[in-house]
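Chemist:
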Ligand SMILES: [Zn+2]
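This is the structure in structure tokens:
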């Protein structure tokens, strides 16, 4: 029975790979647009290409604000989104289907109620957003600058998909689903200490490898740490060795090793 199920799965996967095969030229273009990927060995990038095909087969892209999402754009997003789950598989992304791509940043009207019950409205500028159950929203302007913005540790796709991983067990809290309570406790001890230290540095006006936006909350800190881990791994490891080690175990990758 098990063997039958495995065979059925393998056949479905082969069909999806054939349906969504990424042509050589388009894959070469994608790698050229994302120079930080050059750190990964060729066989890893071949696995990334396959995972991106399966991702494209499962997800639905929608352009907003008149934007048409073409194959090159979808493959670019898929490659970046699949990098964190290269060794985890697509299961953690199965909680949603839709990816909405805007031409540029989006201004969202927000409301907060203070302790006196007074509602305050404000505008928030978003380059991306991940919500429980989806969809994931991305600004194409930010996605397409990923090659250059890697130099300062910024990557909107990895950021939003880190939030998706975090939300695998409910509200974002900087802790993705982990195998047991001890692992969760150990994670919290590391990330809380690193977050405190990071907030102190940002408060003191010290230049940080990670985006100062991470000081907003521990879940944002986890998302910017994931960005740094994948696009500026060596610098991130030097500034946050304990956090780097923890993320390396979680993602089952060690990008700083191949710098
Ligand atoms: Zn965020």
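Residue numbers (this note's numbering): 5 to 263.
Ideal placement from N, C-alpha and C gives every residue a C-beta, glycine not left out.
By Cβ distance, which residues of its chain are closer than 6 Å to residue 44, with the 5 residues on each side in sequence left out?
Modeler: There are no such residues.
Chemist: Who sits around ligand 1, taking every residue whose Cβ is closer than 6 Å to one of its heavy atoms?
Modeler: Checking every Cβ against the heavy atoms of ligand 1 under 6 Å gives 163, 167, 224, 227.
Chemist: How far does the beta strand (DSSP E) with residue 64 in it reach, from first residue to last?
Modeler: Start and end: 64-67.
Chemist: I need the boundaries of the beta strand (DSSP E) containing residue 115, first residue and last residue.
Modeler: Counting along the chain, the beta strand (DSSP E) containing residue 115 begins and ends at 110-117.
Chemist: Can residue 83 and residue 167 be called in contact, C-beta distance under 7 Å?
Modeler: Against a cut-off of 7 Å, the Cβ pair of residue 167 and residue 83 comes out as no contact.
Chemist: Count the other CB atoms within 10 Å of the CB of residue 34; is the residue buried (16 or more) or exposed (fewer)?
Modeler: Buried: at least 16 other Cβ atoms inside 10 Å.
Chemist: In terms of residue numbering, what span does the beta strand (DSSP E) encompassing residue 141 cover?
Modeler: That run of the beta strand (DSSP E) goes 140-143.
Chemist: Applying the 10 Å Cβ sphere with the 16-neighbour rule, what's the burial state of residue 236?
Modeler: Its Cβ being crowded by 16 or more others within 10 Å, residue 236 is buried.
Chemist: Just mark residue 242 as buried or exposed, buried being the case when its beta carbon has 16 or more other beta carbons within 10 Å.
Modeler: Exposed, because fewer than 16 other Cβ atoms sit within 10 Å of the Cβ of residue 242.
Chemist: With a threshold of 7 Å on Cβ separation, who are the neighbours of residue 68 within its own chain once the five nearest residues in sequence on each side are excluded?
Modeler: Correct list, in chain order: 104, 105, 106.
Chemist: Kindly indicate which residue of 128, 112, 139 has the alpha-carbon position closest to the one of residue 98.
Modeler: Ranking 128, 112, 139 by Cα distance to residue 98 puts 139 first.
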